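**Student:** Same order as they appear, the protein sequences are chains E and H.
Residues 1001 to 1228, numbered by our numbering, are exactly what the first sequence covers, in order.
Residues 1001 to 1228, numbered by our numbering, are exactly what the second sequence covers, in order.
I'd like to ask some things about the structure below.
2 protein chains.
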Amino acid sequence: MAAAGKEVKLIGSRPSPYVARVRIALHLKGVEYEFLHEEVFGNKSELLLRSNPVYKKIPVLIHGGQPICESLVIVQYIDEVWAASGPAILPADPLDRAVARFWAAYIDDKLGPNCVALALRLGDEASRAESKEQLFAGLQLLDEALGKISNGKSFFGGDAVGFLDIAFGSYLGWLKALEKVEGIKLLDESRFPRLAKWAERFCSAKAATDVIPEPDELVEFVKLLAHR
Amino acid sequence: MAAAGKEVKLIGSRPSPYVARVRIALHLKGVEYEFLHEEVFGNKSELLLRSNPVYKKIPVLIHGGQPICESLVIVQYIDEVWAASGPAILPADPLDRAVARFWAAYIDDKLGPNCVALALRLGDEASRAESKEQLFAGLQLLDEALGKISNGKSFFGGDAVGFLDIAFGSYLGWLKALEKVEGIKLLDESRFPRLAKWAERFCSAKAATDVIPEPDELVEFVKLLAHR
């Protein structure tokens, strides 16, 4: 396969859920890559600025010298380039693909950034209360969606980790960090029975091993950030 | 083709650039559909509320009774379901697809909503000035991107209208309305030579005929909205 011969590099850092997505997709496809650690607190690297001049943000996948930006765009790229390696990440059926893309966009629009902002203690009390409410509403919707989409199987993607699992699972480290920071339980089995079990399965999946940071690592990161 | 037998309906309204995207995609593929006009100023229809309970927004494509939401998700769905009809909307090459998806997301993130908000005269002077600056910066980036992506051809998609043409072209009515409302020239040939010519070609493309509203129609809409 032509794609296999080209060098794969990923500019990223561990706390970023968006970087986690790309790493999980690469792991699923069995693609070897060089992980170029981008300093979180230092100046942005020349390579990052050159590779993503529009947003200047991680992750950037560099494949055969070509930069690809935006996590969900990269995950779809990986699925298409390494179509013959490992499991398919997007479902095969157009309607299932549309449903996965819809919820992935919902997660980035309404759920994930809220969760990270809350864990980072951004905003005033009123906006934090609103964010928390929106987060719980989002988890409720996703718990119901999981019931419909997975149809009793282990993952949103069926028997294996797929696009929507990656899109949402990438935030699990931050969800757990938020639980610690706030002393609350978010993925409560009594409240969100499906999501709670799914989260356990996702974090145990081979492709996610060593990718989703432990909550303590992120809590430390939050403290470091607060002292700057 | 199985898909051809199923009934296609689209819930939408003329001023929405997001609805325009879906219509252009359906036209490109030669798909017949029933256009269900959603009242812009009235209550939301029962069908809309039931079909898009998460966002309660147009457009919604209903295909064989199944609702699909979010314009760019719908356009990709149309491309996949009617893969054998009409031209491909997304490019074939994974890198080209990633580039098209990246810029389409950029347009929805930084450019389009700014343009509509400015035409609707939303926000105070300071935020409007910032939006205008961001809009010009975005047009500059897209003008350069068009040069690279189209490689001298007529459209972002090459010789024919493709995904990125649809994503950006859907805003052309609003860009022109904004030019009228503000008395400025946005798609100026001297400033954005490639985009200006592309815009002319896009609006003359068969698939976009009767879809992109005339600027006067949108200016009237802005006035109606202001008086409510």
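Glycine included, each C-beta is placed from N, C-alpha and C at the ideal position.
None of the values given here were measured: they were computed from a predicted structure.
1) To the nearest angstrom, how far is the alpha carbon of residue 1089 (chain E) from that of residue 1162 (chain H)?
2) Considering only the beta carbon of each residue, do residue 1023 (chain E) and residue 1211 (chain E) sit closer than 7 Å?
3) Do you know offhand how far residue 1131 (chain E)'s Cα is from residue 1150 (chain E)'s?
4) From this set, H:1055, H:1018, H:1026, H:1014, which residue's C-alpha is nearest residue 1007 (chain H)'s C-alpha?
5) Determine the extent of the alpha helix (DSSP H) in which residue 1060 (chain H) is found, giving its start and end residues.
6) Using the Cβ count rule (16 or more neighbours within 10 Å means buried), how would you classify residue 1052 (chain H)?
7) With a threshold of 7 Å between beta carbons, is residue 1068 (chain E) in contact with chain H?
8) Quick one: grab the DSSP three-state call for residue 1158 (chain H).
9) Should residue 1019 (chain H) and residue 1059 (chain H) be called a contact, given that it needs their Cβ atoms to be closer than 7 Å?
10) What span of residues does the beta strand (DSSP E) with residue 1008 (chain E) cover, start to end?
11) Note down, in chain order, each residue of its chain lying with its Cβ closer than 6 Å to the Cβ of residue 1085 (chain H), except the 5 sequence neighbours on either side.
12) Consult DSSP for residue 1024 (chain H) and reduce its assignment to one of helix, strand or coil.
13) Suppose the cutoff is 6 Å on Cβ atoms and the five residues either side in sequence are ignored; what does the same chain contact list for residue 1217 (chain H) look like?
14) Tell me whether residue 1046 (chain E) sits in a helix, a strand or coil according to DSSP, three-state version.
15) Please report the Cβ distance between residue 1100 (chain H) and residue 1091 (chain H), rounded to the nearest whole angstrom; I am assuming they are in contact, meaning their Cβ atoms lie under 8 Å.
16) Assess contact between the stretch 1109-1123 of chain E and the stretch 1187-1194 of chain E, defined as three or more Cβ pairs (one per stretch) separated by less than 8 Å. Is contact present?
17) Return the chain-ordered list of same chain residues with a C-beta closer than 7 Å to the C-beta of residue 1154 (chain E), the five sequence neighbours on each side being excluded.
18) Kindly say whether residue 997 (chain E), judged by its beta-carbon, lies nearer than 7 Å to any beta-carbon of chain H.
19) What residue ranges within the stretch 1052-1109 of chain H form continuous alpha helix (DSSP H) runs of no fewer than 4 residues, ordered along the chain?
**Tutor:** Taking the definition as stated:
1) As a working note, residue 1089 (chain E) is residue 89 in the first sequence. As a working note, residue 1162 (chain H) is residue 162 in the second sequence. Each residue's alpha carbon lies about 24 Å from the other.
2) As a working note, residue 1023 (chain E) is residue 23 in the first sequence. As a working note, residue 1211 (chain E) is residue 211 in the first sequence. Contact flag set, yes.
3) Reading the first sequence from its first residue, position 131 is the one you call residue 1131 (chain E). Reading the first sequence from its first residue, position 150 is the one you call residue 1150 (chain E). Cα to Cα, residue 1131 (chain E) sits roughly 27 Å from residue 1150 (chain E).
4) Here residue 1007 (chain H) refers to the residue found at position 7 of the second sequence. Cα-wise, what sits closest to residue 1007 (chain H) is H:1026.
5) As a position in the second sequence, residue 1060 (chain H) is number 60, starting the count at 1. No alpha helix (DSSP H) contains residue 1060 (chain H), which is instead part of the beta strand (DSSP E) from 1060-1063.
6) Looking up residue 1052 (chain H) in the second sequence gives position 52. Its Cβ being crowded by 16 or more others within 10 Å, residue 1052 (chain H) is buried.
7) Taking the first sequence and counting its residues from 1, one reaches residue 1068 (chain E) at position 68. Closer than 7 Å: yes.
8) For the purposes of this step, residue 1158 (chain H) is identified with residue 158 of the second sequence, where counting begins at 1. Residue 1158 (chain H): strand per DSSP, three-state reduction.
9) For the purposes of this step, residue 1019 (chain H) is taken as residue 19 along the second sequence, with counting starting at 1. For the purposes of this step, residue 1059 (chain H) is taken as residue 59 along the second sequence, with counting starting at 1. Cβ distance < 7 Å, so residue 1019 (chain H) and residue 1059 (chain H) count as in contact.
10) Sequence index remark: in the first sequence, residue 1008 (chain E) carries index 8 (1-based). That run of the beta strand (DSSP E) goes 1008-1012.
11) By 1-based counting over the second sequence, the position of residue 1085 (chain H) is 85. Closer than 6 Å at Cβ, skipping near neighbours: 1029, 1030.
12) Against the second sequence, residue 1024 (chain H) aligns to sequence position 24. Three-state result, residue 1024 (chain H): helix.
13) The residue labelled residue 1217 (chain H) in the question sits at position 217 within the second sequence. Contacts found: none.
14) The residue given as residue 1046 (chain E) occupies position 46 in the first sequence. Residue state, collapsed to three classes: helix.
15) As a first step, residue 1100 (chain H) must be located in the second sequence, where it is residue number 100. As a first step, residue 1091 (chain H) must be located in the second sequence, where it is residue number 91. Right, their Cβ atoms sit about 6 Å apart.
16) no
17) As a working note, residue 1154 (chain E) is residue 154 in the first sequence. For residue 1154 (chain E), where only same-chain residues beyond five positions count, the Cβ hits under 7 Å are 1201.
18) Only positions 1001 to 1228 of chain E appear in this structure, which leaves residue 997 (chain E) out of reach.
19) 1071-1081, 1094-1106
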